[in-house]
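Mapping to the working numbering: the sequence shown position 141 is 140, numbers consecutive.
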Amino acid sequence: MRSLLHIAVCAGLVSASGCADPASPDPGELVGQWVSARADLSPQGWHQYHLTFTTAGRFVHEVRSYGVYPSQRSDALSAFSRVEGLFTAGGDRLSLEPERLVWWDSFYGESSPVHVVQPYPWGGVFDDARYFIREHKLIVHYTTYPADAPEPTTAEYWRVP
């Protein structure tokens, strides 16, 4: 009887540990460059997100659009929008504090100036974010507010070698 109780307790411990939450990610694993999958736009062109974290606690979140305008090749940069600022990570939480917005659009001509808006004019980036890293993939769960109602959202990025 005692052996059966011992086996049942051990089996319970093994099964409970298998269901436990994964360990919190190491914030140092964020450092580097990450890129999303390419997303097609309509009626033409595509865009891609780029995310960079530095050891100094800084981040850059950029969206680049390509081939959007009729006279452009599909690989020609059409526009970009970049948010720069500070980040902190602890446990599975990720906080990005934007400081400035930098943008450019070829619609205004190839030689149009780069625009800088500082301080950053809108709310945060990745509100209420939690993240994890699996293999070479960064997954960020955060909240967006389309039509002023909170909506759970997920972004996926792959590490740039």
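Note that CB positions come from ideal geometry on N, CA and C, so glycine has one too.
If we count the other Cβ atoms within 10 Å of its Cβ and call it buried at 16 or more, is P186 buried or exposed?
In the structure as shown, the chain starts at 0 and stops at 160, and residue 186 therefore has no counterpart that could be examined.
Quick check on P118: does DSSP put it in helix, strand or coil?
Here residue 118 is taken as the residue at index 119 of the sequence shown, counted from 1. Coil.
By the 10 Å Cβ neighbour count, where 16 or more other Cβ atoms means buried, how is P97 classified, buried or exposed?
Translated into positions along the sequence shown, residue 97 becomes position 98. Answer is buried; the Cβ neighbour count reaches 16.
Short check: CB of L29 to CB of G56, under 7 Å?
Locating residue 29 in the sequence shown gives position 30, where the first residue counts as 1. Locating residue 56 in the sequence shown gives position 57, where the first residue counts as 1. With a cutoff of 7 Å on beta-carbon distance, L29 and G56 are scored as not near each other.
Shorter than 6 Å, the distance from the beta carbon of F131 to the closest heavy atom of the ligand ATP, or not?
For the structure depicted, the ligand ATP is absent and the ligand set is empty, with no information on it obtainable.
With 16 as the cutoff for other CB atoms within 10 Å, does H46 come out buried or exposed?
Locating residue 46 in the sequence shown gives position 47, where the first residue counts as 1. H46 should be labelled buried.
Once the 5 residues before and after K136 are set aside, which same chain residues still bring their CB inside 8 Å of it?
As a first step, residue 136 is located in the sequence shown; it is residue number 137 there, counting from the start. E155, Y156, W157, R158, listed in sequence order.
Within 10 angstroms of the Cβ of D20, are there 16 or more other Cβ atoms? Answer buried if so, exposed if not.
As a first step, residue 20 is located in the sequence shown; it is residue number 21 there, counting from the start. Confidence at D20 is low in this model, with a pLDDT of 45, below 50, so its placement is unreliable and no value can be given for it.
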